[in-house]
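Here's the structure we're looking at; comments come further down.
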Amino acid sequence: MKARIHVTLKNGVLDPQGKAIEHALSNMGFGGVDEARQGKFIELELSETDKDKAHENVDAMCRKLLANTVIENYSIELE
Numbered sequence: 166m167k168a169r170i171h172v173t174l175k176n177g178v179l180d181p182q183g184k185a186i187e188h189a190l191s192n193m194g195f196g197g198v199d200e201a202r203q204g205k206f207i208e209l210e211l212s213e214t215d216k217d218k219a220h221e222n223v224d225a226m227c228r229k230l231l232a233n234t235v236i237e238n239y240s241i242e243l244e
């Protein structure tokens, strides 16, 4: 089973990398970008075959290591 995890900064948390991307795009002539936010994408190959158990395990991984839940949100997709 494959797990895809998207980690993004919570609203209200400053995102200096996002601002740098926003300014760079503007300087390169790509207008119309009002805001850029950056995050992380993590893909895991799991041996677990039970979808509920896999989601529970990946959620624990996110809370303990993959995301800083104080300032970041995460979402999990399993296939």
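Each number in the numbering used here comes from the position in the sequence shown (counting from 1) with 165 added on. Ideal Cβ placement from N, Cα and C applies to all residues, glycine included.
ask   = How big is the Cα-Cα spacing for E213 and L243?
value = 11 Å
task = With G196 as the anchor, note down where its beta strand (DSSP E) starts and where it stops.
result = Here G196 belongs to no beta strand (DSSP E), and DSSP marks it neither H nor E.
key: Cross-strand partners of E237 (DSSP beta bridge)   = L174
message = With three or more C-beta pairs closer than 8 Å as the rule, is the segment 215–232 touching the segment 186–195?
response = Judged by Cβ distances under 8 Å, the segment 186–195 makes no contact with the segment 215–232, as fewer than three pairs qualify.
inquiry  = Going by the DSSP bridge assignment, what does G204 pair with across the sheet?
reply    = In the DSSP output, where bridge partners are listed per residue, G204 has T173.
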